[in-house]
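Each remark here refers to the structure printed beneath this line.
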Amino acid sequence: MGRALIALTVVAQLAWPGGLAFAQAGHDAYIKGLQHLDAKRWAEAVQAFDAAIAADPKENKGARLYGMRYGYFPHRDKGIALYHLSKFDEAVVALEESIRQGATPEATKTLAAAKAKQPAVTTSGVFRDTFWDFYERGLKYSEAGAWKAAIADFRAARAKRDKEDRRARTYGVDFIEYFPVRELGVALYQDGQYKAAVAELEKSLAAFPTAKAAYYYNLARAALLRQAAADPKPPRIKIDEPADGLLTNALAMEVRGSAESKNQVALVEVNGEAELIEAATPSRPFTQVAALAPGANVIQVRAKDLIGQESTATVKVTVDREGPAVILDGVTRVASGRIRLDGTVADNVRLGALQVNGQAVTLGTGAESKFSVEVPATATTFQIEAADAVGNVTRVRIAIPAALRQGARPGTEIVPVAWRQQILPSFLQRAGLTLEMEKPPAEVQQDSVSIAGVVGSGAGLKDLKVNGQAHQIPAAAANKPFAFSYGVPLNEGPNTITVVATDQAGKTESRTFTVVRKVEEIAQVGSRLAVAVMPVNHKGQPTALYASALEAVTDALVNGKRFKVLSRDQLEAILREQKLSASQIVDPATAIKVGKLVAAEAVIAVTVNETPKSVEAYGQLISTETSTVLASKDVFDPEKAPGSARARMLELAAKLKQDYPLVEGTVMMVANKRLVVGIGAPKNVRPDMKVIVYQEGQPLIDPTTKEVLDRPIESLGEGMLKEIKEKISYAEMRDVAKVEQTVAQKKLVKVITK
Numbered sequence: 127m128g129r130a131l132i133a134l135t136v137v138a139q140l141a142w143p144g145g146l147a148f149a150q151a152g153h154d155a156y157i158k159g160l161q162h163l164d165a166k167r168w169a170e171a172v173q174a175f176d177a178a179i180a181a182d183p184k185e186n187k188g189a190r191l192y193g194m195r196y197g198y199f200p201h202r203d204k205g206i207a208l209y210h211l212s213k214f215d216e217a218v219v220a221l222e223e224s225i226r227q228g229a230t231p232e233a234t235k236t237l238a239a240a241k242a243k244q245p246a247v248t249t250s251g252v253f254r255d256t257f258w259d260f261y262e263r264g265l266k267y268s269e270a271g272a273w274k275a276a277i278a279d280f281r282a283a284r285a286k287r288d289k290e291d292r293r294a295r296t297y298g299v300d301f302i303e304y305f306p307v308r309e310l311g312v313a314l315y316q317d318g319q320y321k322a323a324v325a326e327l328e329k330s331l332a333a334f335p336t337a338k339a340a341y342y343y344n345l346a347r348a349a350l351l352r353q354a355a356a357d358p359k360p361p362r363i364k365i366d367e368p369a370d371g372l373l374t375n376a377l378a379m380e381v382r383g384s385a386e387s388k389n390q391v392a393l394v395e396v397n398g399e400a401e402l403i404e405a406a407t408p409s410r411p412f413t414q415v416a417a418l419a420p421g422a423n424v425i426q427v428r429a430k431d432l433i434g435q436e437s438t439a440t441v442k443v444t445v446d447r448e449g450p451a452v453i454l455d456g457v458t459r460v461a462s463g464r465i466r467l468d469g470t471v472a473d474n475v476r477l478g479a480l481q482v483n484g485q486a487v488t489l490g491t492g493a494e495s496k497f498s499v500e501v502p503a504t505a506t507t508f509q510i511e512a513a514d515a516v517g518n519v520t521r522v523r524i525a526i527p528a529a530l531r532q533g534a535r536p537g538t539e540i541v542p543v544a545w546r547q548q549i550l551p552s553f554l555q556r557a558g559l560t561l562e563m564e565k566p567p568a569e570v571q572q573d574s575v576s577i578a579g580v581v582g583s584g585a586g587l588k589d590l591k592v593n594g595q596a597h598q599i600p601a602a603a604a605n606k607p608f609a610f611s612y613g614v615p616l617n618e619g620p621n622t623i624t625v626v627a628t629d630q631a632g633k634t635e636s637r638t639f640t641v642v643r644k645v646e647e648i649a650q651v652g653s654r655l656a657v658a659v660m661p662v663n664h665k666g667q668p669t670a671l672y673a674s675a676l677e678a679v680t681d682a683l684v685n686g687k688r689f690k691v692l693s694r695d696q697l698e699a700i701l702r703e704q705k706l707s708a709s710q711i712v713d714p715a716t717a718i719k720v721g722k723l724v725a726a727e728a729v730i731a732v733t734v735n736e737t738p739k740s741v742e743a744y745g746q747l748i749s750t751e752t753s754t755v756l757a758s759k760d761v762f763d764p765e766k767a768p769g770s771a772r773a774r775m776l777e778l779a780a781k782l783k784q785d786y787p788l789v790e791g792t793v794m795m796v797a798n799k800r801l802v803v804g805i806g807a808p809k810n811v812r813p814d815m816k817v818i819v820y821q822e823g824q825p826l827i828d829p830t831t832k833e834v835l836d837r838p839i840e841s842l843g844e845g846m847l848k849e850i851k852e853k854i855s856y857a858e859m860r861d862v863a864k865v866e867q868t869v870a871q872k873k874l875v876k877v878i879t880k
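To get the working numbering, take the position in the sequence shown, counting from 1, and add 126.
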């Protein structure tokens, strides 16, 4: 055997001018492959032929092997071995390459047999070797799991047209969704060629980013990390704001920070709310608003890398919305004729400043302090403002009894007033439970309102609740009356506020108020861009899973409050009137026409493309005035699990909201009949976005409660962004004269995207 191999080596040197190096690397591998093939060791034969191809991929029918045997056909013989392993799609690829280099009867025969064994795929028409023919067949092979065949077809499609597009023209007025680079990357990933998959998916994401490409890009990189030495450390999370241990009275707080990982950050969640991340990156900044509840709050940030390692970081924030309690100990007339108030201020966290009739009163440190203050005999009330360390303020006015002001015998009578009406509270007349409340403003613009009152009981107070939230009862109060205040969060529209006090004897008193929160007109949903959501265009192989996609995405858009979503009833009435079916308004031009008929400034067109195993959905926000695509986002559902359809539609609505943001800025100047606006490209604005131009007046503030009751807004008209730069944008509007005049007067003019 040894002599035979030596002889073959000498022959190889004569047959291949490349010399001994090739004979050892390629020719010997091919000979071994033939030996395995003869012995029906198919897997070993494939490995040997791969080694031969790596050394020399060019077939040569004149190459002398040994004796009278000629021909170097590693692709053909690899295809034959693969055929016997029942790997028909891979066999087809190898055999087609052999035939491309020069057909042999054996390769042609085996190729036909392999194709007969492949999953049967049919295209929609006659196969004419066009880019769309190869692409369509490649998708069919992908659905059948014939990845090698799919790879070959996607490469053939790319060779004819490389540019990806949602509307690639085939012939005439026919268009297809065309993503050969992305689908090639997906097929390479499924075939286990992870490095090649990453390269193709990166190209697709750079040219035409899609959620599906990002999904498989993450999977391919994760597979490579598992094969290599991945970083054993989980992601590192840094929370920049808020500071740990922060004390606040805020309703919500912006949480900012970043997560980093050598294994790429694939997920960031703040209190369970995920950031919108598609392609994982080594560093991921995050910004989210976290709602806060009274008391201790733990804000948790969770990050996960591509290989599933995760970490968490937390900050603690304490929320205090209770104003200090002002305990009324006594009021007396002193020898000098002045009137003195003695009391105690107590807070559940830490005291701030105290003022009585405008003068500062010195307090001790900590959460409780006694105080004593004197006012002239001419004063009719004690006007007390007690603040805590986070800015909660209890405002109370205590009427000074006339007898004391007129020099009658000093006493200890305490007379809190019923605020503006100056009525003597009933609880001073008896030992029972009494709850006197200041009626809050009927209408405010703020997102919270401070309600205040005086409560007391001779039997001792057991609990005090505001909308079910327990208010602290200071130990110093005992059986004494005390003033309290509490910041109540408000939703837009009517809000019911109920205060309930219960004493140790079991008696209960309650008061209920209604406060309407009226959002500034400029910030109301009614001032936002009016959009009509078109019927969903279902493509591919629709199933019942996504049948309710229209309802889901419409609900999500309405709840997102970014757009003024027009009534579906109105849209359907127009469709009936125009005798149009849902399938007829798939065309953007028709959708825009229908949108104009319902007075929409833009239409949202959603397409859902289903395959047996996955779903790709995308939405476009299209201006009815300019036909410009103002925003375009997509989502990918790789599993089609129960409930995933609604989740993906929620994600799509969130992406559209993020891609078409609500941005505020100021008009810096008027130049060449155009507004120069102080918002630029980093704010994600783009040409043809509408803006509202307005001037904001001074806020109207209740002098007693300090609540913002109204803020007059003067609309100066609407404009449209036309040119976007890094820090500024240029907007056009029909009449700029008034804006120009206002800016010239050094008055502030604002804009907000519509």
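All residues carry an ideal CB built from backbone N, CA and C; glycine is no exception.
Assuming Q583 is part of the alpha helix (DSSP H), what are its boundary residues? Before going on, a small fix: residue 583 reads as Ser here, not Gln. Here S583 belongs to no alpha helix (DSSP H), and DSSP marks it neither H nor E.
Every unbroken alpha helix (DSSP H) inside the segment 338–364 [4 residues or more]: none
Expressed to the nearest angstrom, what Euclidean distance is found between the alpha-carbon atoms of D514 and A658? 49 angstroms
Buried or exposed for I453, please, with buried defined as at least 16 other CB atoms from any protein chain shown within 10 angstroms of its CB. buried
Using the rule of at least 16 other Cβ atoms within 10 Å of the residue's Cβ for burial, across every protein chain shown, is M794 buried or exposed? exposed
DSSP state of P536, grouped into three classes? Interpretation of P536 is limited by its pLDDT of 44, a score under 50 that renders its predicted location unreliable; the figure taken from the coordinates is listed afterwards. It is coil, neither helix nor strand.
For I302: DSSP bridge partner residues: A294
Buried or exposed for L160, please, with buried defined as at least 16 other CB atoms from any protein chain shown within 10 angstroms of its CB. buried
How long is the line joining the alpha carbons of A717 and R654, rounded to whole angstroms? 20 angstroms
With DSSP collapsed to three states, give me the class of S674. coil
Contact set for A349: own chain, Cβ-Cβ below 6 angstroms, skip 5 residues either direction: Y320
Is F175 helix, strand or coil by DSSP? helix
Nearest neighbour of T520, chosen from K853, P358, V575, Y261 [CA to CA]: V575
Quick check on G582: buried or exposed, where buried means 16 or more other Cβ atoms within 10 Å of its Cβ? buried
If you run the structure through DSSP and keep just helix, strand and coil, what is Q696? helix
Three or more C-beta pairs under 8 angstroms: does that hold for the segment 464–472 against the segment 415–434? no
When DSSP builds the beta bridges, which residues end up paired with T733? N663, Y744
Assign L874 to buried or exposed, taking buried as 16 or more other Cβ atoms, counted over all protein chains shown, within 10 Å of its Cβ. exposed
Alpha carbon of W142 to alpha carbon of A189, nearest angstrom: Note on W142: pLDDT 44, under 50, position unreliable in the model; no value is reported.
is_contact[F175, chain C] using C-beta, thresh 7 angstroms: In the displayed structure, chain C is absent; only one protein chain is listed.
Counting along the chain, where does the alpha helix (DSSP H) carrying P200 start and finish? 200–210
Taking the alpha-carbon of G613 as reference, which of D760, V625, A493 has the nearest alpha-carbon? V625
If the criterion is Cβ atoms closer than 7 angstroms, does the pair V391 and A429 meet it? yes
Beta-carbon spacing of K864, I818 below 7 angstroms: no
Same chain only: Cβ atoms within 6 angstroms of V724, ignoring 5 sequence neighbours per side: A658, L692, Q696, L697, I700
Which residue's Cα is closest to the Cα of P615: I433, R447, A715, Y198? R447
DSSP bridge partner residues for Y856 (one or two, in chain order): V802, E849
Considering only their Cβ atoms, is the gap separating V789 from V811 smaller than 7 angstroms? yes
In whole angstroms, what separates the C-alpha of T792 from that of V516? 31 angstroms
With DSSP as the reference, label F260 as helix, strand or coil. helix
Check whether the Cβ atoms of A155 and A174 sit closer than 7 angstroms, and answer yes or no. yes
Along the chain, where does the alpha helix (DSSP H) that runs through F253 open and close? Careful: F253 lies outside any alpha helix (DSSP H) and carries neither H nor E.
Which of the three DSSP states is assigned to G599 in this structure? The question names Gly, but residue 599 in the sequence shown is Ile. Three-state result, I599: coil.
Environment of D182 [buried if 16+ CB atoms lie within 10 Å]: buried
Cβ-based burial, Q414 [other Cβ within 10 Å; buried from 16]: buried
Extent of the continuous beta strand (DSSP E) to which Q414 belongs: 407–417
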